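Taking my numbering, I'd label the letters of the sequence shown as residues 46 to 914.
In what follows, a single structure is set out as structure tokens and then discussed.
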Amino acid sequence: MGASHEATQPQYRLLNVCVMAARNVVVVGNGMVGHRFVEALRARDADGTWRVTVLAEETDAAYDRVGLTGYTEHWDRRLLALPGNDYADDDLVDLRLGHRVTGIDRTAKSVLTADGDRVDYDALVLATGSYAFVPPVPGHDLPPCHVYRTLDDLDAIRADAQRARETGRAAVGVVIGGGLLGLEAANALRAFGLQAHIVEMAPRLMAQQLDKAGGALLSRMITDLGITVHVGVGTESIRPAQRNRPVRRSADDDSVRVRLSDGTHIDAGLVIFAAGVRPRDELARDAGLAIAERGGVLTDLGCLTDDHDIFAIGEVAAIDGRCYGLVGPGYTSAEVAADRLLGGAAEFGEADMSTKLKLLGVDVASFGDALGDTPDCLEVVVNDAVSQTYAKLVLSDDAKTLLGGVLVGDASAYGILRPMVGEALPGDALALIAPVGSGSAGAGFGVGSLPASAQICSCNNVTKGDLTDAIADGCCDVPALKKCTLAGTSCGSCVPLLKQLLEAEGVEQSKALCEHFSQSRAELFEIVTATSIRTFSALIERFGTGKGCDICKPAVASILASTSSEHILDGEQASLQDSNDHFLANIQRNGSYSIVPRVPGGDITPEQLILIGEIARDFNLYTKITGGQRIDMFGARVDQLPEIWRRLVDGGMESGHAYGKALRTVKSCVGSDWCRYGQQDSVQMAMDLELRYRGLRAPHKIKMGVSGCARECAEAQSKDVGVIATEEGWNLYVGGNGGMSPRHARLLAADLDDATLVRYIDRFLMFYIRTADRLQRTASWLEALDGGLDHLRDVVCNDSLGLAAEFEDAIARHVEGYACEWKGVLEDPDKLSRFVSFVNAPDVADPTIDFIERSGRKIPIGMPKVPQT
Numbered sequence: 046m047g048a049s050h051e052a053t054q055p056q057y058r059l060l061n062v063c064v065m066a067a068r069n070v071v072v073v074g075n076g077m078v079g080h081r082f083v084e085a086l087r088a089r090d091a092d093g094t095w096r097v098t099v100l101a102e103e104t105d106a107a108y109d110r111v112g113l114t115g116y117t118e119h120w121d122r123r124l125l126a127l128p129g130n131d132y133a134d135d136d137l138v139d140l141r142l143g144h145r146v147t148g149i150d151r152t153a154k155s156v157l158t159a160d161g162d163r164v165d166y167d168a169l170v171l172a173t174g175s176y177a178f179v180p181p182v183p184g185h186d187l188p189p190c191h192v193y194r195t196l197d198d199l200d201a202i203r204a205d206a207q208r209a210r211e212t213g214r215a216a217v218g219v220v221i222g223g224g225l226l227g228l229e230a231a232n233a234l235r236a237f238g239l240q241a242h243i244v245e246m247a248p249r250l251m252a253q254q255l256d257k258a259g260g261a262l263l264s265r266m267i268t269d270l271g272i273t274v275h276v277g278v279g280t281e282s283i284r285p286a287q288r289n290r291p292v293r294r295s296a297d298d299d300s301v302r303v304r305l306s307d308g309t310h311i312d313a314g315l316v317i318f319a320a321g322v323r324p325r326d327e328l329a330r331d332a333g334l335a336i337a338e339r340g341g342v343l344t345d346l347g348c349l350t351d352d353h354d355i356f357a358i359g360e361v362a363a364i365d366g367r368c369y370g371l372v373g374p375g376y377t378s379a380e381v382a383a384d385r386l387l388g389g390a391a392e393f394g395e396a397d398m399s400t401k402l403k404l405l406g407v408d409v410a411s412f413g414d415a416l417g418d419t420p421d422c423l424e425v426v427v428n429d430a431v432s433q434t435y436a437k438l439v440l441s442d443d444a445k446t447l448l449g450g451v452l453v454g455d456a457s458a459y460g461i462l463r464p465m466v467g468e469a470l471p472g473d474a475l476a477l478i479a480p481v482g483s484g485s486a487g488a489g490f491g492v493g494s495l496p497a498s499a500q501i502c503s504c505n506n507v508t509k510g511d512l513t514d515a516i517a518d519g520c521c522d523v524p525a526l527k528k529c530t531l532a533g534t535s536c537g538s539c540v541p542l543l544k545q546l547l548e549a550e551g552v553e554q555s556k557a558l559c560e561h562f563s564q565s566r567a568e569l570f571e572i573v574t575a576t577s578i579r580t581f582s583a584l585i586e587r588f589g590t591g592k593g594c595d596i597c598k599p600a601v602a603s604i605l606a607s608t609s610s611e612h613i614l615d616g617e618q619a620s621l622q623d624s625n626d627h628f629l630a631n632i633q634r635n636g637s638y639s640i641v642p643r644v645p646g647g648d649i650t651p652e653q654l655i656l657i658g659e660i661a662r663d664f665n666l667y668t669k670i671t672g673g674q675r676i677d678m679f680g681a682r683v684d685q686l687p688e689i690w691r692r693l694v695d696g697g698m699e700s701g702h703a704y705g706k707a708l709r710t711v712k713s714c715v716g717s718d719w720c721r722y723g724q725q726d727s728v729q730m731a732m733d734l735e736l737r738y739r740g741l742r743a744p745h746k747i748k749m750g751v752s753g754c755a756r757e758c759a760e761a762q763s764k765d766v767g768v769i770a771t772e773e774g775w776n777l778y779v780g781g782n783g784g785m786s787p788r789h790a791r792l793l794a795a796d797l798d799d800a801t802l803v804r805y806i807d808r809f810l811m812f813y814i815r816t817a818d819r820l821q822r823t824a825s826w827l828e829a830l831d832g833g834l835d836h837l838r839d840v841v842c843n844d845s846l847g848l849a850a851e852f853e854d855a856i857a858r859h860v861e862g863y864a865c866e867w868k869g870v871l872e873d874p875d876k877l878s879r880f881v882s883f884v885n886a887p888d889v890a891d892p893t894i895d896f897i898e899r900s901g902r903k904i905p906i907g908m909p910k911v912p913q914t
């Protein structure tokens, strides 16, 4: 834009606004940014200076497009709706859904819609966003090709994935594009049960956010999870799949062959283009507005186009010549435009392009000058190949100022580091990213050490100073801070910092489970127990807010499982489960799954041993006898799980719940039957306990041990529940854990008979399940329990709360209602349908995993390759 426009237009605009009233602003687009503009304008316009007409092409009101992949977990559009998106309580806002704008008449100052309507405006705001770019690859318009942009797109992808399975097409999906959106799409394909391939032309994934080393680590981690990554290659063509032999092709068979630039190909039932976006500037082009060199409606820093009555915001706007594809800068542009319409002089400042992503358990974050483009900058790098973490900080040439950084594998430092960008470091940079356990990681750093100018919420441009001012004005919890400042209301990555800041300011915090439930986990347990609520959606609608998150969803799933004998994959429950419970198996580092049948107390028959051996041989699985006295089989594809489990169930075996937050094993010695020192029958007791508590869902996994004498061969004192035989009966120990912080179990009661021992364990487990926090092991729960072991002893042994009978009844109901989860899957075609092939030849008995021999052991080296030419 010319300098004369920048110098004179804002003042001219101010004069126009100040002398006119009751004017109409038309907003074209009702995405996240368009919705933010309406919110910002109406919040500031107390006098009703502007009436707002919103013309939306989609039939859904504004929804959370950033969380689009979350739609695949519940398929409920309402859960993605942005708060207040219907403007039902605002008479000055007219929302018209399904009204696509086809033209702008700048002379008449009106817009035309596809229905033939003409809507006049005094000011026009273009918030048309962007569209998914589809490269001109031959075959890009074939039926199984999709883009990943809207709710309707995801519905179409789901339908095509289901058709692929039903018609026997390759259960493979190809994502073209390895950026943020491509990883989201690949994650969705996994949720549909398809083997995902990512094809990226750049030499690494997330090339705009990650450097070479960070991208390489991300590729390894994604590959280890079973997603095949192709980098440095393009897509040459997409054609109908070829057949190796003449067969009758189904009318519904739209499978394709994706040929890559390196000569290889992938046969797939579904293709998703996630190769970037382009601004939807066609309305502006047709109306003769200035367009930036690389697309987008050209605006000044006030988001004003070369037409003095038209603004552009969000992804369609090329602000000072540059388009921004993240929601944070989009929200900032919306705020600027709203301020200008009301006579302000706000300008678009430096945009925060920070990103944070967690998919399939992989943390990735980049912020500031992540790629080190600043001249003479310095880099501090910690690359831990063993623990699969990579961290890089980019510093100024004097090593005093943080310019940016990259985090892969562990992004826990992101919340503190991102607000520090552009600020002087409070100490040694290496200490910020040193591995945990090095003695220096994060020493002395925290949100309290940040300056007031540090930007805590980049989406909504909220600084630490804004938040401390809000706290001083009476905001005493995270929801209040979010409501007052809007911090944490968009992507949510800064929410942990809000809680830390409250604590740093000396504000006592609630024990709310998360931002969506003000109740603690224990309180939610009581609510579920006291009501007839059996779904997450019903619970959050009545007692929570929003749509939920990765904290409350699995926590509520655990509560529902702990209070009912319903199958965890029934109905809505299935969408709440994590990746292990989703397939009733532990996913391994290479994307395959493990099979762990239950072996109560380590007691197993020769026939069962033979059966396990035959299955391991037939499916080429790696076998290992675990410390919990059972046999694990590793390396199965997800589509092989039902066939394997059918053979195990037919052989009298059942799920060992190795995948669940539940009872895992009850370890035992050989006891009085065989050991000359044995004082009690530890084997039978271990079997009885394991069969009694099998499948019991809890805040975390539970392990038990039963030793036949004080020699403690079962190592019972390292378990959550440990039982040691004495001459008089049994000693009961509780609260022992291994893991990161090992604790010995503590003696709760001594010389118990069999019946009393079982009653005490019933009470202990139910007390723990009802009152522990999410993901809290019994050791840390006991340490945090008011009154400690003495209080626990009063509750369990003396019934000080009067709940003993209730605890025992709950366990009795669990025992009565228990059923093997895998048996339930095998008997239900709907549940079986989720276990679909991960490879392109499901009928071929090829090995699932490639192995190498190391010291006589078979070591998995990755998933098999798709046949290529």
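Yeah, the Cβ is synthetic: ideal placement off N, Cα and C, and Gly gets one too.
In this text, all values refer to a predicted model and were calculated from it rather than measured experimentally.
Counting C-beta neighbours from all protein chains within 10 Å, is the total for residue i 16 or more, i.e. buried, or is it exposed?
i	result
residue 122	exposed
residue 843	exposed
residue 421	exposed
residue 858	exposed
residue 655	exposed
residue 900	Note that residue 900 scores a pLDDT of 48, beneath 50, so its modelled location is shaky; the value from the coordinates is reported in the next line. Residue 900 should be labelled exposed.
residue 143	exposed
residue 333	exposed
residue 742	buried
residue 874	exposed
residue 731	buried
residue 872	exposed
List the DSSP bridge partners of residue i.
i	result
residue 83	Residue 83 is not bridged to any residue.
residue 638	632, 681
residue 95	68
residue 356	170, 349
residue 916	Given a span of 46 to 914 for the chain in the structure shown, any question on residue 916 remains unanswerable.
residue 318	192, 221
residue 275	244
residue 108	126
residue 816	Residue 816 is not bridged to any residue.
residue 148	157
Go to residue i, then tell me how far its alpha helix (DSSP H) extends in each direction, as first and last residue.
i	result
residue 571	566–575
residue 9	The chain is shown from 46 up to 914; residue 9 falls before or after that span and cannot be answered.
residue 219	Taken as a continuous stretch (DSSP letters only), residue 219 belongs to no alpha helix (DSSP H), being part of the beta strand (DSSP E) at 217–221.
residue 116	116–119
residue 870	866–871
So the beta strand (DSSP E) residue i belongs to, where does it begin and stop?
i	result
residue 795	791–797
residue 587	No beta strand (DSSP E) contains residue 587, which is instead part of the alpha helix (DSSP H) from 581–588.
residue 364	362–364
residue 548	Element bounds for residue 548: not the beta strand (DSSP E) but the alpha helix (DSSP H), 540–549.
residue 669	667–670
residue 284	280–285
residue 500	500–502
residue 649	First-last for residue 649: undefined, no H or E at that position.
Mind reading off the beta-carbon distance from residue i to residue j? Whole number of angstroms is fine, and I expect it under 8 Å.
i	j	result
residue 813	residue 823	6 Å
residue 147	residue 158	6 Å
residue 221	residue 320	6 Å
residue 359	residue 347	Not a contact, Cβ separation roughly 15 Å.
residue 790	residue 774	Not quite, the Cβ-Cβ distance comes to about 17 Å (not below 8 Å), so this is no contact.
residue 759	residue 714	5 Å
Can residue i be considered in contact with the ligand COA, in the sense that its beta carbon sits closer than 8 Å to one or more heavy atoms?
i	result
residue 655	The ligand COA is not among the ligands present in this structure, which contains no ligands whatsoever.
Secondary structure, alpha helix (DSSP H): runs of 4+ residues fully inside the region 724–783 | 727–738
Pick out the complete beta strand (DSSP E) segments inside the region 150–192, 3 residues or longer, and give them in chain order.
-> 155–158, 163–165, 168–171, 175–177, 190–192
Taking only runs that begin and end inside the region 407–474, name each unbroken beta strand (DSSP E) of 3 or more residues, in chain order.
-> 407–413, 423–429, 434–440, 447–453
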